[in-house]
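Everything in the sequence shown is counted per this note's numbering, starting at 78 for the first residue and increasing by one.
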Amino acid sequence: MSNNISVNQHDNIDIELPYNSYHQAQNVLAEVLPVDYFLAKHLTTALFSKSRQESATQNALNLSPSDKKSVADFFHIILLLSQSLRAGHTCLPLVTFAGRLTFTSVNEDGIIDRVGYVLPNIEQLAVLFERLSLNASERQPVVYANKSLYLKRYYDFEQELGNLLAERLTGDNTQIDEQTLAIAKTVIADLFPEVTAAKVDWQKLAVANALMKRFSIIAGGPGTGKTYTVSKLLAAIVQLNRKLNQRFNRDRDCNIALVAPTGKAAQRLTESIVHALSQFTELIPKSILEAIPTEAQTIHRLLGVIPNQLEFRHHQDNPLNLDVLLIDEVSMVDLPLMTRLFRALPSHCQVILLGDADQLPSVAVGNVLSALAPRPLIGYSKDNIERLKQLLPEFSTKATGLKKVNNKRYDHLSLLVESRRFAGDGGIGKIAKAVIASDVNTSWQLLSQAPENDELSLLPQTIEIWLPELVKQYYQPIFTAETAAEAFTALSKFRILAATRQGTYGVDALNHAVEQILEAQHAINTMVSGKTGGKPLYHGQPIMITENNYQLGLYNGDIGLLWRNQDNELMALFEQQSESGQMAYKQLVPSRLPAFETVYAMTIHKTQGSEFDHVAMVLPDYADNPLLSRELLYTGITRAKQKLSICSLANVWSRAVETNSERYGHLANAVFD
Numbered sequence: 078m079s080n081n082i083s084v085n086q087h088d089n090i091d092i093e094l095p096y097n098s099y100h101q102a103q104n105v106l107a108e109v110l111p112v113d114y115f116l117a118k119h120l121t122t123a124l125f126s127k128s129r130q131e132s133a134t135q136n137a138l139n140l141s142p143s144d145k146k147s148v149a150d151f152f153h154i155i156l157l158l159s160q161s162l163r164a165g166h167t168c169l170p171l172v173t174f175a176g177r178l179t180f181t182s183v184n185e186d187g188i189i190d191r192v193g194y195v196l197p198n199i200e201q202l203a204v205l206f207e208r209l210s211l212n213a214s215e216r217q218p219v220v221y222a223n224k225s226l227y228l229k230r231y232y233d234f235e236q237e238l239g240n241l242l243a244e245r246l247t248g249d250n251t252q253i254d255e256q257t258l259a260i261a262k263t264v265i266a267d268l269f270p271e272v273t274a275a276k277v278d279w280q281k282l283a284v285a286n287a288l289m290k291r292f293s294i295i296a297g298g299p300g301t302g303k304t305y306t307v308s309k310l311l312a313a314i315v316q317l318n319r320k321l322n323q324r325f326n327r328d329r330d331c332n333i334a335l336v337a338p339t340g341k342a343a344q345r346l347t348e349s350i351v352h353a354l355s356q357f358t359e360l361i362p363k364s365i366l367e368a369i370p371t372e373a374q375t376i377h378r379l380l381g382v383i384p385n386q387l388e389f390r391h392h393q394d395n396p397l398n399l400d401v402l403l404i405d406e407v408s409m410v411d412l413p414l415m416t417r418l419f420r421a422l423p424s425h426c427q428v429i430l431l432g433d434a435d436q437l438p439s440v441a442v443g444n445v446l447s448a449l450a451p452r453p454l455i456g457y458s459k460d461n462i463e464r465l466k467q468l469l470p471e472f473s474t475k476a477t478g479l480k481k482v483n484n485k486r487y488d489h490l491s492l493l494v495e496s497r498r499f500a501g502d503g504g505i506g507k508i509a510k511a512v513i514a515s516d517v518n519t520s521w522q523l524l525s526q527a528p529e530n531d532e533l534s535l536l537p538q539t540i541e542i543w544l545p546e547l548v549k550q551y552y553q554p555i556f557t558a559e560t561a562a563e564a565f566t567a568l569s570k571f572r573i574l575a576a577t578r579q580g581t582y583g584v585d586a587l588n589h590a591v592e593q594i595l596e597a598q599h600a601i602n603t604m605v606s607g608k609t610g611g612k613p614l615y616h617g618q619p620i621m622i623t624e625n626n627y628q629l630g631l632y633n634g635d636i637g638l639l640w641r642n643q644d645n646e647l648m649a650l651f652e653q654q655s656e657s658g659q660m661a662y663k664q665l666v667p668s669r670l671p672a673f674e675t676v677y678a679m680t681i682h683k684t685q686g687s688e689f690d691h692v693a694m695v696l697p698d699y700a701d702n703p704l705l706s707r708e709l710l711y712t713g714i715t716r717a718k719q720k721l722s723i724c725s726l727a728n729v730w731s732r733a734v735e736t737n738s739e740r741y742g743h744l745a746n747a748v749f750d
């Protein structure tokens with residue numbers, strides 16, 4: 078199995094790797110991709126060549142590249158590290174792989190078809206990493222820290238973001254004078270005139286907790302009023318700032334920005350903020366409401382994209398001109414992007430994170446929100462509780478269940494726990510709670526025994542039984558609509574969500590099945606409508622952009638419709654708000670579009686930030702799918718506002734509910750320890 082591979086670096090030192098090609102590794106190891114193999118090959122060769130070179134010039138204890146076992150061990154560890162990064166983990170904890178048989182697989186007959194590789198125990202691995210000088214102080218591409226292995230760039234991102242957040246949290250611990258607290262108390266009371274001692278107003282508590290902090294998180298599930306709450310918080314910030322302007326004889330208004338990770342999420346934030354502010358016209362002075370922006374943008378647009386470069390226009394040496402920044406759908410933001418965003422913020426900027434920590438984490442590396450928003454919220458520090466009592470006369474630790482703790486690591490966090498959307502006996506809210514609690518029996522019972530015409534239903538495993546009727550009910554109206562506005566309204570009512578892209582129950586097959594049904598129902602004719610890039614295009618076709626195009630203002634996840642104009646030309650339409658706040662359409666010739674796909678069905682990941690009246694969620698027909706998790710189910714479930722239909726086998730459902738999509742990382746330690 079071993080062959081000598083000569084690498085022309087570090088004085089042409091020959092390193093004997095365990096495999097001479099990806100093909101050979103693939104015959105022995107399961108689930109290894111080319112990217113894993115070539116990363117392992119590069120790093121193993123580089124580090125062992127460097128180790129041998131240093132051992133020849135220094136009197137140090139370094140490994141010899143002739144030590145085949147050490148080379149093989151390290152090679153397979155890097156394979157695992159690469160796999161973990163592809164799965165979104167920031168690092169690879171030793172305890173998860175030390176002493177284990179890895180990369181093995183069994184075929185359908187129960188016979189081992191990939192023998193895999195057994196890794197050393199923790200003590201042996203620690204010695205190996207130490208001898209390769211993988212500590213954080215060395216200039217190595219791999220870092221061993223926190224009893225975990227990192228690629229250095231992700232270790233650096235984690236440490237940098239941790240330091241940036243720690244600085245903000247430390248600043249929040251400073252004392253606030255009594256007069257400022259009294260002003261803040263009045264501002265909050267004006268925004269929440271109704272006081273009921275018998276019931277905790279979690280939204281009011283969140284506003285009070287975040288009002289004077291440079292960094293805060295407001296987390297909660299769907300229908301808990303996150304946007305409503307943060308709209309009042311922004312009004313409170315503006316009001317407090319103006320009162321402090323009067324006190325200190327200054328004239329400085331707040332420069333506020335609203336951002337979200339995707340174009341679709343930014344559009345929804347815009348709509349939600351506009352709707353929330355429209356409810357406050359009698360409660361909040363017009364001048365205050367006008368100071369709150371109503372248009373959100375993507376994080377990339379805020380930072381300023383430079384074509385063909387990783388870095389942005391705004392960074393630590395060219396910071397943003399902001400006083401307040403609201404970031405929505407934070408669960409979707411990956412570690413590198415969040416680091417670059419905080420890097421570009423001035424130190425005084427007040428940052429508010431908004432999101433649902435139980436949702437799926439970002440597609441890329443990291444899980445920032447989950448790391449900083451532990452559930453359940455145990456309590457607050459003595460100082461924070463005292464401040465809340467000063468701001469809210471009705472505040473009670475007994476009523477809220479919040480305990481007094483001996484540290485400040487939860488002071489930045491507010492949880493909204495009452496869902497107005499899923500209140501009462503509704504099945505969607507019940508199954509969402511059961512899933513996130515990992516309650517297999519209750520969640521499956523709710524689904525499989527749902528009464529007829531309930532908001533929950535279990536679909537037959539045979540797609541052909543139920544799909545035609547749903548297509549007729551929800552997708553045919555797109556094609557009978559007389560205007561684009563009517564078609565967009567029809568499209569927004571329903572969506573098929575899938576866990577995977579491939580397979581019978583994946584997005585690609587489901588989109589194809591819907592098109593076949595529409596053709597059979599004579600709603601469309603893909604053969605005569607035209608093509609772009611080999612794709613059939615037709616009037617009424619819903620599409621989703623799959624790559625960013627900043628010049629066109631189109632972003633990954635944006636939803637549009639192909640629609641014939643008055644000249645019978647097929648155009649791509651995308652909803653956007655005009656300056657007057659009315660709905661308008663961006664119109665483009667399809668040939669100008671960046672990459673896109675048909676979107677009758679979409680992955681659950683892609684629906685974050687979206688909601689539909691009715692959702693049909695389709696799971697794969699095998700339980701060993703690595704994408705299955707309770708966070709995946711919860712995200713799909715909570716996209717439905719009124720009705721939820723699920724196609725799943727019992728064993729697949731059970732596996733998903735039992736599986737936690739926890740991301741490995743140490744961001745919380747970097748912030749608080």
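Note that beta-carbon positions come from the ideal geometry of N, C-alpha and C, so glycine has one too.
Candidates the options, of which the one nearest residue i by Cα
i, options, result
"Pro299", "Glu372, Glu624, Ser668, Arg497", "Arg497"
"Lys303", "Asp516, Asn461, Ala287, Glu93", "Ala287"
"Val284", "Asp254, Leu418, Gly504, Leu493", "Leu493"
"His377", "Phe689, Leu726, Lys718, Asn626", "Asn626"
"Arg390", "Leu449, Ala421, Tyr232", "Ala421"
"Ile681", "Leu704, Met660, Asp690, Asp405", "Leu704"
"Val440", "Asp113, Leu162, Phe673, Ser225", "Leu162"
"Leu524", "Gly503, Ala450, Leu544", "Gly503"
"Thr122", "Leu106, Gln101, His153", "His153"
"Ala672", "Met621, Glu244, Leu709, Glu688", "Met621"
"Val105", "Pro111, Thr519, Ser182", "Ser182"
"Gln579", "Leu696, Gln467, Thr560, Thr519", "Leu696"
"Tyr552", "Gln618, Ser515, Asp585", "Gln618"
Where the alpha helix (DSSP H) through residue i begins and ends
i, result
"Met415", "412–420"
"Gly504", "504–513"
"Lys720", "That residue, Lys720, is in no alpha helix (DSSP H); its beta strand (DSSP E) goes 717–724."
"Gln598", "Where Gln598 is concerned, there is no enclosing alpha helix (DSSP H), given that its DSSP letter is neither H nor E."
"His691", "His691 -> not in any alpha helix (DSSP H); beta strand (DSSP E) instead, spanning 689–695."
"Val264", "255–268"
"Ser458", "Not the alpha helix (DSSP H): Ser458 falls in the beta strand (DSSP E), residues 456–458."
Three-state secondary structure assigned by DSSP to residue i
i, result
"Lys481", "strand"
"Glu563", "helix"
"Thr736", "coil"
"Gln344", "helix"
"Asn625", "coil"
"Lys570", "coil"
"Lys303", "helix"
"Ser210", "coil"
"Val748", "helix"
"Ala353", "helix"
"Leu335", "strand"
"Lys663", "strand"
"Thr577", "coil"
"Ile369", "coil"
"Gln467", "helix"
"Gly713", "helix"
"Ser496", "coil"
"Pro111", "helix"
Anticipated Cβ contact below 8 Å, residue i with residue j, distance rounded
i, j, result
"Ser458", "Val482", "6 Å"
"Ala597", "Phe556", "In fact, because the Cβ distance is near 13 Å, the residues do not count as touching under 8 Å."
"Gln217", "Ile314", "No, Gln217 and Ile314 are not in contact; Cβ-Cβ is about 44 Å, not under 8 Å."
"Tyr632", "Gly381", "Incorrect: roughly 15 Å between the Cβ atoms, too far for contact."
"Leu412", "Tyr231", "7 Å"
"Phe180", "Glu108", "7 Å"
Run of the beta strand (DSSP E) containing residue i, from where it starts to where it stops
i, result
"Pro545", "Segment 540–547 is the alpha helix (DSSP H) holding Pro545; no beta strand (DSSP E) there."
"Val219", "219–222"
"Ser491", "490–493"
"Gln553", "No beta strand (DSSP E) holds Gln553; the alpha helix (DSSP H) holding it covers 553–557."
DSSP beta-bridge partners of residue i
i, result
"Gln103", "Its beta-bridge partners do not exist; DSSP assigns none."
"Val76", "As displayed, the chain neither begins before 78 nor continues past 750, which places residue 76 out of reach and without an answer."
"Gly297", "Leu493"
The ligand SAM heavy atom lying under 6 Å from the CB of residue i
i, result
"Pro338", "In the structure on display, the ligand SAM does not appear, and there are no ligands present to speak of."
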